[in-house]
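Residue numbers (the numbering used here): 39 to 696.
All C-beta atoms, glycine included, are put in the ideal place defined by N, C-alpha and C.
Single-structure report; data block below.
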Amino acid sequence: MILLLLALALLLGGALFPLLLVRNPKAATAAGVALAVAGSLAGLASAVQGLLGGIEQKFLLPWTLPLGAVRLGLDPLSAFFLVPLFLLGGVCALYGRGYLGLRPRDGTSWSFYNLLLVSMAVVFTARDAVLFVMAWELMAVTSFALVIHERERDSVRHAGWLYLAASHLGLAALLAVFFGLSHAAGGTLDLAAFRDVVPASGALGGLLFLLAVLGFGAKAGFLTLHGWLPEAHPAAPSHVSALMSGVLIKTGLYGLLRVLTFFSAWPAWWGGVLLALGLAGCLFGILQALTQQDLKRSLAFSSVENIGIIALGLGLGMLGAAWQLPAVAALGFAGALLHVLNHALCKGLLFLGAGAVLHGAGTLRLDRLGGLLKTMPQTGALFLFAAAAICALPPLNGFASEFLIYLGAFTGACHAEGWAGATGLIVIGGLALTGGLTLAAFARLTGLAFLGERRAEHPPHEASMAMRLPMLLLALGCALAGLGAPWLIPWLFPRLLAGTFPALKTLDAAPLAGAALGLRWVVILAAAFALLVLVLALLRRARVRAGGVAAAGTWDCGYVAPTARMQYTASSFSGPLAQLFQPFLRARAEGKLPAGLFPAPVQQSTKLRDVATDYVAVPLFRAIAWLAQQVRWLQHGRVQLYVLYIAVTLLALLLWKL
39 MILLLLALAL
49 LLGGALFPLL
59 LVRNPKAATA
69 AGVALAVAGS
79 LAGLASAVQG
89 LLGGIEQKFL
99 LPWTLPLGAV
109 RLGLDPLSAF
119 FLVPLFLLGG
129 VCALYGRGYL
139 GLRPRDGTSW
149 SFYNLLLVSM
159 AVVFTARDAV
169 LFVMAWELMA
179 VTSFALVIHE
189 RERDSVRHAG
199 WLYLAASHLG
209 LAALLAVFFG
219 LSHAAGGTLD
229 LAAFRDVVPA
239 SGALGGLLFL
249 LAVLGFGAKA
259 GFLTLHGWLP
269 EAHPAAPSHV
279 SALMSGVLIK
289 TGLYGLLRVL
299 TFFSAWPAWW
309 GGVLLALGLA
319 GCLFGILQAL
329 TQQDLKRSLA
339 FSSVENIGII
349 ALGLGLGMLG
359 AAWQLPAVAA
369 LGFAGALLHV
379 LNHALCKGLL
389 FLGAGAVLHG
399 AGTLRLDRLG
409 GLLKTMPQTG
419 ALFLFAAAAI
429 CALPPLNGFA
439 SEFLIYLGAF
449 TGACHAEGWA
459 GATGLIVIGG
469 LALTGGLTLA
479 AFARLTGLAF
489 LGERRAEHPP
499 HEASMAMRLP
509 MLLLALGCAL
519 AGLGAPWLIP
529 WLFPRLLAGT
539 FPALKTLDAA
549 PLAGAALGLR
559 WVVILAAAFA
569 LLVLVLALLR
579 RARVRAGGVA
589 AAGTWDCGYV
599 APTARMQYTA
609 SSFSGPLAQL
619 FQPFLRARAE
629 GKLPAGLFPA
639 PVQQSTKLRD
649 VATDYVAVPL
659 FRAIAWLAQQ
669 VRWLQHGRVQ
679 LYVLYIAVTL
689 LALLLWKL
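Printed below as a string of structure tokens:
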């Protein structure tokens, strides 16, 4: 626990010193980055210590406020979520130094960045409801300030306000959850006292679960609650986008998991809700990613898809626990938690790669990119590596977590009857379809951006070493997490799951050990094949350089000098799949078609729609706005009546307590 407190102190220093040095951008940047890296290293050491120890470490500092206390705890679940936080926190700080340079606004930017790391660390370790809510709100405010870093642009300001509104909508639901649990626990705000105070099978337990899904799902980006995510992530600086996608949206998943620890059993319909949300989020997110024109926006929708995969694993695990299928429960939860770490590494690298593309090419529009691999070979190779990892290609890390979810669903389909068996088949089918669409989406991104001929007017340039080194570190993390997964799974997850969730206290570790053994052979064979391909590629390269291979023209389909106009555009690449899934995408074509023997120049464009937002979120907010208009007469500007409102409210509360 001492290392965690040291990490928080260093990060708080990283928030203070850039403000004091704001007139000296170079010194402010150096202080902010150095303390962010130092605090992340100390925090990472504390997280590893928490995973190794297996026993919760506690810290209590009573405060003089009427409610709550500074009560922190470091158990395996908190330590597990702290690992991606401090990994990405330090790496993104190093990248941000090269990405932002020495702009005059950097002092406040690095102050907010370090405060964001502090707030997320406290969210993961808070053991008091008031402290949790305060850290949650600080996280929302600091990330909002980072999103609107380039607030001169209208789109950036719109994205920032949309994110802030979604955050406060989620906060309202969380306050209701903590109020209900505190009232049932006799008024205490200690999270440890919330365990088993509300039966999960009752109406109140179901209501609290749905409110938790709403409140934490708004931050995680569950389907219909995701509207802020594809707006805020592209608007933020790329190192902030990487941190938000890799860690910040996972705070919603952590909060939901922490609420699940308050119940010793879960009704089957709870798992069904998460499984349905996960399946819908998987398919919707990747379909939207497949049709976007902006690189970072496509990556943002891919995050919706990956959050769906995690929710799918959690739902499968909860159904396994409810239906007395311990192997399904163990594999579902282990796959979901492992995907939390894997997605943080993969998506962090992808967003950093997108930032390098923006620096080198000056745009993220896919139709203006192309041929970047010739001028940005290292960035292109790292982006392709991350794309392969997130597409779950072995032996990289994305494969291991999805393998566990697949195996859990297959186990349920083979050993259960009725709804349990059918659910396993549904998960397998949905995850397989999502995997195929993910391959198409990232083949589109990498192909359009890095292959073919250059479309940009000015030649792109490679990113600086200050930006490439953090990307190399994350690529190394993806490789190590994939190669080490067979040994990590049986060591970590049995005690993490059984020691954290009362509903899994009788967890059998045998299914995880068996899954790890099968995964080990897949990883070894895939790594051997990848090594063989690499050796052959190096031999071919050496032979070409030695002049042993002659170069000659190939069949060019009649085009002697191909140009960028002959290449696929972003829309034409995904056109067949977009047409196939048109009922779900609801794309609308605008413009005229060519007509006549000698047609005049025409233009045609396709307008994409976020169906979940347009048909669910927008009508809901319109209804809320209409209700607000009906009670607007209460806001009339008379101070004496406002004082009367306060007095009446206090009197009602006093009478209620009596």
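- Message: Nearest by alpha-carbon distance to residue 656: which of 262, 151 and 248 is it?
- Response: Position 618 of the sequence shown, counted from the first residue, corresponds to residue 656. Among 262, 151 and 248, the Cα nearest to that of residue 656 is on 262.
- Query: Is the Cβ-Cβ distance between residue 373 and residue 446 less than 8 angstroms?
  - Reply: Here residue 373 refers to the residue found at position 335 of the sequence shown. Here residue 446 refers to the residue found at position 408 of the sequence shown. Cβ distance < 8 angstroms, so residue 373 and residue 446 count as in contact.
- Query: Taking the alpha-carbon positions, what's the residue 680 to residue 190 distance?
  - Reply: Sequence index remark: in the sequence shown, residue 680 carries index 642 (1-based). Sequence index remark: in the sequence shown, residue 190 carries index 152 (1-based). Between residue 680 and residue 190, the C-alpha separation is close to 37 angstroms.
- Query: What whole-angstrom Cβ distance do residue 254 and residue 294 have, given they're in contact under 8 angstroms?
  - Reply: Taking the first residue of the sequence shown as 1, we reach residue 254 at position 216. Taking the first residue of the sequence shown as 1, we reach residue 294 at position 256. Confirmed, Cβ separation roughly 4 angstroms.
- Where residue 671 falls, given that 16 or more other Cβ within 10 Å makes a residue buried: Looking up residue 671 in the sequence shown gives position 633. When all chains shown are included, residue 671 counts as exposed.
- Spatial neighbours of residue 514 within its chain, please: CB distance less than 7 angstroms, with the 5 preceding and 5 following residues excluded, ordered by chain position. Here the question's residue 514 lines up with position 476 in the sequence shown. Answer for residue 514: no residue qualifies.
- Compute the distance between the beta-carbons of residue 355 and residue 370, then report whether it is under 8 angstroms. As a position in the sequence shown, residue 355 is number 317, starting the count at 1. As a position in the sequence shown, residue 370 is number 332, starting the count at 1. A contact, by the Cβ cut-off of 8 angstroms.
- Query: Taking 8 angstroms as the CB-CB limit, is residue 200 close to chain B?
  - Reply: No chain B appears in this structure, which consists of one protein chain only.
- Query: If we call anything under 8 angstroms between Cβ atoms a contact, is residue 274 one with residue 206?
  - Reply: To locate residue 274, count along the sequence shown from 1; it is residue 236. To locate residue 206, count along the sequence shown from 1; it is residue 168. Cβ distance not < 8 angstroms, so residue 274 and residue 206 don't count as in contact.
- Going by CA-CA distance only, name the one from 112, 60 and 72 that's closest to residue 40. Mapped onto the sequence shown, residue 40 falls at position 2. That would be 112, whose Cα lies nearest to the Cα of residue 40.
- Give the single residue among 473, 440 and 269 whose Cα lies nearest to the Cα of residue 375. Reading the sequence shown from its first residue, position 337 is the one you call residue 375. Residue 440 is the option with its Cα nearest to residue 375.
- Inter-residue spacing [alpha-carbon to alpha-carbon] between residue 470 and residue 319: If you number the sequence shown from 1, residue 470 lands on position 432. If you number the sequence shown from 1, residue 319 lands on position 281. Cα to Cα, the separation comes out at about 14 angstroms.
- Give the DSSP-derived three-state secondary structure of residue 343 in the structure shown. Within the sequence shown, residue 343 is the residue found at index 305, counting from 1. Residue 343: helix per DSSP, three-state reduction.
- For residue 67, which of helix, strand or coil comes out of DSSP? Reading the sequence shown from its first residue, position 29 is the one you call residue 67. Helix at residue 67.
- Message: Count Cβ pairs between the region 417-424 and the region 446-459 that sit closer than 8 angstroms; are there 3 or more?
- Response: no
- Item | Three-state secondary structure assigned by DSSP to residue 668 | Here residue 668 refers to the residue found at position 630 when the sequence shown is read from its first residue. Residue state, collapsed to three classes: helix.
- Quick one, are the C-beta atoms of residue 116 and residue 162 less than 8 angstroms apart? Against the sequence shown, residue 116 aligns to sequence position 78. Against the sequence shown, residue 162 aligns to sequence position 124. Cβ distance < 8 angstroms, so residue 116 and residue 162 count as in contact.
- Message: Need the endpoints of the alpha helix (DSSP H) that residue 611 sits in, please.
- Response: Numbered from its first residue, the sequence shown carries residue 611 at position 573. From DSSP, the alpha helix (DSSP H) with residue 611 extends over 608-618.
- Task: Express the C-alpha separation of residue 490 and residue 484 in angstroms, rounding to a whole number.
- Result: Position 446 of the sequence shown holds residue 484. Position 452 of the sequence shown holds residue 490. Cα to Cα, residue 484 sits roughly 10 angstroms from residue 490.
- Message: Does residue 111 come out as helix, strand or coil in the three-state DSSP assignment?
- Response: Your numbering for residue 111 matches position 73 in the sequence shown. Residue state, collapsed to three classes: strand.
- Message: Given a cut-off of 8 angstroms on the beta-carbon distance, is the pair residue 165 and residue 109 in contact?
- Response: The residue given as residue 165 occupies position 127 in the sequence shown. The residue given as residue 109 occupies position 71 in the sequence shown. The answer is yes: Cβ separation under 8 angstroms.
- On the three-pair Cβ rule with 8 angstroms, is the region 172-184 touching the region 146-158? yes
- Reduced DSSP secondary structure (H/G/I, E/B, other) of residue 601: On the sequence shown, position 563 is the one that residue 601 refers to. Three-state result, residue 601: coil.
- In this structure, does DSSP put residue 645 in helix, strand or coil? Counting from 1 along the sequence shown, the entry for residue 645 is found at position 607. Correct three-state label for residue 645: strand.
- Message: For residue 450 and residue 134, I'd like the C-alpha separation in whole angstroms.
- Response: In the sequence shown, residue 450 corresponds to position 412, counting from 1. In the sequence shown, residue 134 corresponds to position 96, counting from 1. About 45 angstroms.
- Item | Span separating the alpha-carbon of residue 510 from that of residue 324 | Counting from one through the sequence shown, the residue named residue 510 turns up at place 472. Counting from one through the sequence shown, the residue named residue 324 turns up at place 286. C-alpha separation (whole angstroms): 26 angstroms.
- Message: Quick check on residue 93: buried or exposed, where buried means 16 or more other Cβ atoms within 10 Å of its Cβ?
- Response: Taking the sequence shown and counting its residues from 1, the one referred to as residue 93 is at position 55. Exposed, because fewer than 16 other Cβ atoms sit within 10 Å of the Cβ of residue 93.
- Task: Would you list the one or two residues that DSSP bridges to residue 99?
- Result: Here residue 99 refers to the residue found at position 61 of the sequence shown. According to DSSP, which records beta bridges pairwise, residue 99 is partnered with 108.
- Task: Report the three-state DSSP secondary structure of residue 627 (helix, strand or coil).
- Result: Taking the sequence shown and counting its residues from 1, one reaches residue 627 at position 589. DSSP places residue 627 in strand when its eight states are reduced to three.
- Query: How about residue 82 and residue 124: are their beta carbons less than 8 angstroms apart?
  - Reply: By one-based count along the sequence shown, residue 82 stands at place 44. By one-based count along the sequence shown, residue 124 stands at place 86. Taking 8 angstroms as the Cβ cut-off, residue 82 and residue 124 qualify as a contacting pair.
- Message: If contact is defined by three or more beta carbon pairs under 8 angstroms, each pair taking one atom from either stretch, is the region 385-405 in contact with the region 329-346?
- Response: yes
- Check whether residue 382 and residue 122 have beta carbons under 8 angstroms apart: On the sequence shown, position 344 is the one that residue 382 refers to. On the sequence shown, position 84 is the one that residue 122 refers to. Cβ distance < 8 angstroms, so residue 382 and residue 122 count as in contact.
- Query: Can you tell which of 301, 258 and 313 has the C-alpha that lies nearest to the C-alpha of residue 288?
  - Reply: The sequence position of residue 288 within the sequence shown is 250, counting from 1. Looking at the Cα atoms, 258 is the closest of the given residues.
- Nearest residue (CA-CA) to residue 281, options 158, 247 and 366: Residue mapping note: residue 281 aligns to position 243 of the sequence shown, counting from 1. Among 158, 247 and 366, the Cα nearest to that of residue 281 belongs to 158.
- What three-state label does DSSP hand residue 191 in the structure shown? As a working mapping, residue 191 is identified with position 153 in the sequence shown. The answer is coil: DSSP assigns residue 191 none of H, G, I, E or B.
- Query: In angstroms, rounded to a whole number, what distance separates the CA positions of residue 75 and residue 693?
  - Reply: For the purposes of this step, residue 75 is identified with residue 37 of the sequence shown, where counting begins at 1. For the purposes of this step, residue 693 is identified with residue 655 of the sequence shown, where counting begins at 1. Rounded to the nearest angstrom, the two C-alpha atoms are 53 angstroms apart.
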